[in-house]
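Here the structure is laid out as structure tokens; the discussion comes afterwards.
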Amino acid sequence: MVHEWALAESIVKTVLDIAKERKIKSVLSVEIAIGQLQQIELDILKDALNELKRGTLLEKAKFIFVEEEAEFQCRNCNNIWKFSDVKKDLKADEAEAIHFIPELAHVFIKCPRCGSPDFIVLKGRGIRISAIRGVTNGSPSFDNS
Amino acid sequence: MVHEWALAESIVKTVLDIAKERKIKSVLSVEIAIGQLQQIELDILKDALNELKRGTLLEKAKFIFVEEEAEFQCRNCNNIWKFSDVKKDLKADEAEAIHFIPELAHVFIKCPRCGSPDFIVLKGRGIRISAIRGVTNGSPSFDNS
Amino acid sequence: MDPRLSIIPERLRHIDKKIMVVSGKGGVGKTVISSLMALELALMEKRVGLFDLDFNGPSCHIVLGVPEHIMPVEEKGLIPPTFRKVKFMSIRYFAKERPLPLRGEDAVNAIIELLSITRWGKLDYLILDLPPGTSDEVLDIIRLIKDVYALIITTPSKLALETVSRLIQLLKILKVPILGIIENMRRGESKVYDFAKKMDVRYLGALPYDDTLEEALGDVNLLLETKVAKALINIIRSGIIENNGDEQ
Amino acid sequence: MDPRLSIIPERLRHIDKKIMVVSGKGGVGKTVISSLMALELALMEKRVGLFDLDFNGPSCHIVLGVPEHIMPVEEKGLIPPTFRKVKFMSIRYFAKERPLPLRGEDAVNAIIELLSITRWGKLDYLILDLPPGTSDEVLDIIRLIKDVYALIITTPSKLALETVSRLIQLLKILKVPILGIIENMRRGESKVYDFAKKMDVRYLGALPYDDTLEEALGDVNLLLETKVAKALINIIRSGIIENNGDEQ
Ligand SMILES: Nc1ncnc2c1ncn2[C@@H]1O[C@H](COP(=O)(O)OP(=O)(O)O)[C@@H](O)[C@H]1O
Ligand SMILES: Nc1ncnc2c1ncn2[C@@H]1O[C@H](COP(=O)(O)OP(=O)(O)O)[C@@H](O)[C@H]1O
Ligand SMILES: [Mg+2]
Ligand SMILES: [Mg+2]
Ligand SMILES: [Mg+2]
Ligand SMILES: [Mg+2]
Ligand code: NI
Ligand code: NI
Ligand SMILES: [Zn+2]
Ligand SMILES: [Zn+2]
Numbered sequence: 001m002v003h004e005w006a007l008a009e010s011i012v013k014t015v016l017d018i019a020k021e022r023k024i025k026s027v028l029s030v031e032i033a034i035g036q037l038q039q040i041e042l043d044i045l046k047d048a049l050n051e052l053k054r055g056t057l058l059e060k061a062k063f064i065f066v067e068e069e070a071e072f073q074c075r076n077c078n079n080i081w082k083f084s085d086v087k088k089d090l091k092a093d094e095a096e097a098i099h100f101i102p103e104l105a106h107v108f109i110k111c112p113r114c115g116s117p118d119f120i121v122l123k124g125r126g127i128r129i130s131a132i133r134g135v136t137n138g139s140p141s142f143d144n145s
Numbered sequence: 146m147v148h149e150w151a152l153a154e155s156i157v158k159t160v161l162d163i164a165k166e167r168k169i170k171s172v173l174s175v176e177i178a179i180g181q182l183q184q185i186e187l188d189i190l191k192d193a194l195n196e197l198k199r200g201t202l203l204e205k206a207k208f209i210f211v212e213e214e215a216e217f218q219c220r221n222c223n224n225i226w227k228f229s230d231v232k233k234d235l236k237a238d239e240a241e242a243i244h245f246i247p248e249l250a251h252v253f254i255k256c257p258r259c260g261s262p263d264f265i266v267l268k269g270r271g272i273r274i275s276a277i278r279g280v281t282n283g284s285p286s287f288d289n290s
Numbered sequence: 291m292d293p294r295l296s297i298i299p300e301r302l303r304h305i306d307k308k309i310m311v312v313s314g315k316g317g318v319g320k321t322v323i324s325s326l327m328a329l330e331l332a333l334m335e336k337r338v339g340l341f342d343l344d345f346n347g348p349s350c351h352i353v354l355g356v357p358e359h360i361m362p363v364e365e366k367g368l369i370p371p372t373f374r375k376v377k378f379m380s381i382r383y384f385a386k387e388r389p390l391p392l393r394g395e396d397a398v399n400a401i402i403e404l405l406s407i408t409r410w411g412k413l414d415y416l417i418l419d420l421p422p423g424t425s426d427e428v429l430d431i432i433r434l435i436k437d438v439y440a441l442i443i444t445t446p447s448k449l450a451l452e453t454v455s456r457l458i459q460l461l462k463i464l465k466v467p468i469l470g471i472i473e474n475m476r477r478g479e480s481k482v483y484d485f486a487k488k489m490d491v492r493y494l495g496a497l498p499y500d501d502t503l504e505e506a507l508g509d510v511n512l513l514l515e516t517k518v519a520k521a522l523i524n525i526i527r528s529g530i531i532e533n534n535g536d537e538q
Numbered sequence: 539m540d541p542r543l544s545i546i547p548e549r550l551r552h553i554d555k556k557i558m559v560v561s562g563k564g565g566v567g568k569t570v571i572s573s574l575m576a577l578e579l580a581l582m583e584k585r586v587g588l589f590d591l592d593f594n595g596p597s598c599h600i601v602l603g604v605p606e607h608i609m610p611v612e613e614k615g616l617i618p619p620t621f622r623k624v625k626f627m628s629i630r631y632f633a634k635e636r637p638l639p640l641r642g643e644d645a646v647n648a649i650i651e652l653l654s655i656t657r658w659g660k661l662d663y664l665i666l667d668l669p670p671g672t673s674d675e676v677l678d679i680i681r682l683i684k685d686v687y688a689l690i691i692t693t694p695s696k697l698a699l700e701t702v703s704r705l706i707q708l709l710k711i712l713k714v715p716i717l718g719i720i721e722n723m724r725r726g727e728s729k730v731y732d733f734a735k736k737m738d739v740r741y742l743g744a745l746p747y748d749d750t751l752e753e754a755l756g757d758v759n760l761l762l763e764t765k766v767a768k769a770l771i772n773i774i775r776s777g778i779i780e781n782n783g784d785e786q
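Residue numbers (my numbering), protein chains in the order written: chain A, 1 to 145; chain B, 146 to 290; chain C, 291 to 538; chain D, 539 to 786.
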């Protein structure tokens, strides 16, 4: 599942864009929310981030990962359920499709109560940058983005 | 703009449905958020509500109206502006169209900065029931719905 | 809490049969067939409403030739104007010829608003002309109108059938009763009959490709004389009236 | 903060010209023309990508006849397979023949995901086949790809022209450069030429109605022999290559 590299690139690019905008000289840490639905291979993502950060403002950055459980709510019957309740029913290629495009959950997952594919992903869809800490002109800056 | 009667009917029906569900014997008050975009004629809405409540569980209910300013955010340039900034530019039939269907804002209103009709209605779209207070078996019940 | 949702069943209570005309695919004739069907049911002395739900590109008014000055009447809600015996509702009354850049979420919000304020009164049939796709509008009509029937339109093209197959699978999952499939713009032999059989959906009949249709658009008298209109009458008699769909 | 948005311009940086094929109206030939145009540009030795953005009803793969076993390769992202010299991306690789009940918001979320992980590499042209409507997909492609051009497809029908007029007005408001209008399924005299003039948009030419097209679908060699394909070549030479659009 080596497309984690592409996700790492998008994280690094985004952090660099924000650092530039906020005049951050050196990024100290980046907090990344990892939605369970996308089934990221965390080790690969970490390796990619550590390789990509070299020679950038992120050189010294620590990456903090916060895993977020995936939860759904049915628009038809309002039932709420968890990805972990239904994950075992997915075939390998179905799980991989969702890994690339989390919205394919609507193709391969149905409400366990009423069978509808028309549901909301309440949380845990994919990757989000939840905070960046860095140094501007010597003083630390905290940002909850 | 006498379609306020239809809106009043929907409010009364919804409150009655909730009252039934929550075993409320008598509704004491209903708080209604009135989004500015829809340009409700409040006097007509009040008259309609007072007429419609007769002989129902809402007989003794007080209606509390909370007006909500309408605000937009452009998806193209992120500019935020208020309905009151642009209202004066609407022709009578355009304002009436938005009065019936608030989404027609996307037809008649544009971002004052970049001209895009692709914006988010941040708040103040239309009517919402924000709270219902009532009596269940003698004891008051509060509900922030 | 949204007060509009609980009034919608109330507003539709005196309508016997609600039919959503769907396809998944665009340009297969949903709008032409919805409009013609409404006209023909009205001529059969049925009370009929027609609701154009393609809020990005409404077009029933073009098929029917509804003049621009005709507007709904405000009376404790909105009363749809009656045109050629059909009660007709459309966003075009309000948007005229302007662009309609409504996202899916906005489109369904607008549809919910109109469903909650429109007073159809007693009807035998309400025909809902849906946009292409299996997106917000289709999903929300199914969610909001629990007793809606689906009428599926397709052309014989391979490019239509795969999408229609996805739609039929979806309708079955969502347990929407399907009245059947109408094959439109047929020329020569039909593959749609076999397709319908394979999908286990009733094949209601075919409407021929008719190159006189274009000039009849906007003129009800001419329209009713086309081969398409004439073929549709038989389908209405045998496939729409008294058909309660196969709940899948 | 969504990390996908800032990488998208990066991913598309080495693509000279991005063209969204749009209409507002369904069934006018967007998918057939997008697919043929990609094939023909590739035969003219251009580097071409084709991205099917109709996530409710993808169908470029049917026009091209892309076999089911062909899949993108995972390599620091997704590399779209090359089929007949065209780099081709579609949600169909992943969803196969299953229903795609994606709401507008979900569809664009999926599009953003694919835009952010697909490695097109160096291209002369990326053709984006859009769904009908002026909804989420069209609005977000305009928002996300700042240097996209619009290529408008219409048929001569009244039922297409009103919707296309709404679309053109919208593109002008959003300042999207318009390459021009292609009239598809033309028979007899053209009203589209005058329409284009009135709308102040370039008329690029007409593709005839061609009843041999249907049997050629899925077979690239047959497709390239159709009258439609042959008429399209001239439009590509004069209207797509070296045309930088009228920014409206
Ligand atoms: N049976 C038919 N013969 C010839 N043209 C048709 C026929 N049915 C529909 N059309 C034409 O096909 C186009 C698409 O029809 P329309 O009803 O707008 O489809 P949809 O609503 O599915 O997008 C229109 O130009 C219409 O006039
Ligand atoms: N020039 C043409 N002659 C005949 N049929 C055509 C022509 N162009 C498209 N078609 C047919 O019209 C239908 C709609 O085309 P399609 O490309 O799927 O339109 P869209 O992508 O705009 O919905 C298909 O069945 C296609 O085979
Ligand atoms: Mg239509
Ligand atoms: Mg839509
Ligand atoms: Mg298409
Ligand atoms: Mg859509
Ligand atoms: Ni991967
Ligand atoms: Ni009113
Ligand atoms: Zn459910
Ligand atoms: Zn703006």
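Even for Gly, the Cβ is constructed at its ideal location relative to N, Cα and C.
Quantities reported herein were computed from a predicted structural model and do not represent experimental measurements.
When Cβ pairs closer than 8 Å are counted between the two stretches, the region 302-318 of chain C is seen to touch the region 415-431 of chain C, the count reaching three or more.
Here L49(A) has A8 and F63 as same chain residues with Cβ atoms under 6 Å from its own Cβ, once five neighbours each way along the sequence are excluded. The beta carbons of R542(D) and I650(D) sit closer together than 8 Å. DSSP places E241(B) outside any beta strand (DSSP E); the residue lies instead in the alpha helix (DSSP H), whose first and last residues are A237 to F245. Setting aside the 5 residues that flank it on each side, F210(B) is surrounded in the same chain by I177 and I179, each with a C-beta closer than 6 Å to its C-beta; the list follows chain order. At least one heavy atom of ligand 2 falls within 7 Å of the beta-carbon of L755(D). It is roughly 33 Å from the alpha-carbon of A242(B) to the alpha-carbon of T201(B).
Setting aside the 5 residues that flank it on each side, E216(B) is surrounded in the same chain by I225, W226, K227, F228, V266, L267, K268 and G269, each with a C-beta closer than 8 Å to its C-beta; the list follows chain order. Those residues that have a beta carbon less than 5 Å away from any non-hydrogen atom of ligand 9 are, in order along the chain, C74(A), N76(A), C77(A), N79(A), C111(A), R113(A), C114(A) and S116(A).
Distances from the CA of W658(D) to each of K768(D), H552(D) and S776(D) were compared; the closest alpha carbon is that of H552(D).
Of the candidates T14(A), R128(A) and L58(A), L58(A) places its Cα closest to the Cα of S29(A). Beta-bridge partners assigned by DSSP to A151(B): none are found.
Taking 8 Å as the CB threshold, N76(A) lines the interface with chain C.
Ranked by Cα distance from L494(C), the options E504(C), D500(C), L503(C) and Y483(C) are led by Y483(C). Note on the region 464-495 of chain C: whole beta strand (DSSP E) runs with a minimum of 3 residues are 468-476, in chain order. Using a Cβ-Cβ cut-off of 7 Å, F632(D) is close to A97, F100, I101 and L104 of chain A, given in chain order.
Boundaries of the alpha helix (DSSP H) around D674(D): D674 to L682. By the rule that beta-carbons nearer than 8 Å mark a contact, I127(A) touches chain D. For V280(B), the CB contacts under 6 Å within the same chain, skipping 5 residues up- and downstream, are K170 and S171 in chain order. By the rule that beta-carbons nearer than 8 Å mark a contact, R294(C) does not touch chain A. Nearest Cα to G508(C) within the set E358(C), V338(C), I525(C) and G316(C): E358(C). Proximity of chain C to G562(D) at the Cβ level (cut-off 8 Å) is accounted for by N346 and G347, in chain order.
Ranked by Cα distance from I352(C), the first of K386(C), E335(C) and E365(C) is K386(C). For R278(B), the secondary structure class from DSSP, reduced to helix, strand or coil, is strand.
Distance from the C-beta of E51(A) to the nearest heavy atom of ligand 7 is not below 7 Å. Residues L37, Q38, R125 and G126 of the same chain have their beta carbon placed closer than 6 Å to that of P102(A), with the five preceding and five following residues left out of the count. Using a Cβ-Cβ cut-off of 7 Å, P117(A) is close to I463 of chain C, given in chain order. What K436(C) touches in chain B, judged by beta-carbon distance under 9 Å, is nothing: the nearest beta carbon there is about 15 Å away. For G394(C), there is no enclosing beta strand (DSSP E); the enclosing alpha helix (DSSP H) covers residues G394 to I407. Under the three-state reduction of DSSP, E753(D) is assigned to helix. Spanning the alpha carbons of L52(A) and K60(A) requires a straight line of approximately 12 Å. Excluding five sequence positions before and after C259(B), the CB atoms of its chain that fall closer than 8 Å to its own CB belong to C219, N221, C222 and N224, given in chain order. Here the alpha carbon of H251(B) sits roughly 8 Å from the alpha carbon of F264(B). A direct Cα-Cα distance of roughly 8 Å separates L42(A) from E4(A).
Neighbours of A151(B) across chain C, judged by C-beta separation under 9 Å: I297, R301, K366, G367, L368, S406, I407, T408 and R409. Identification of chain C residues near E763(D) by a Cβ-Cβ cut-off of 8 Å yields none; the smallest Cβ-Cβ distance measures about 18 Å.
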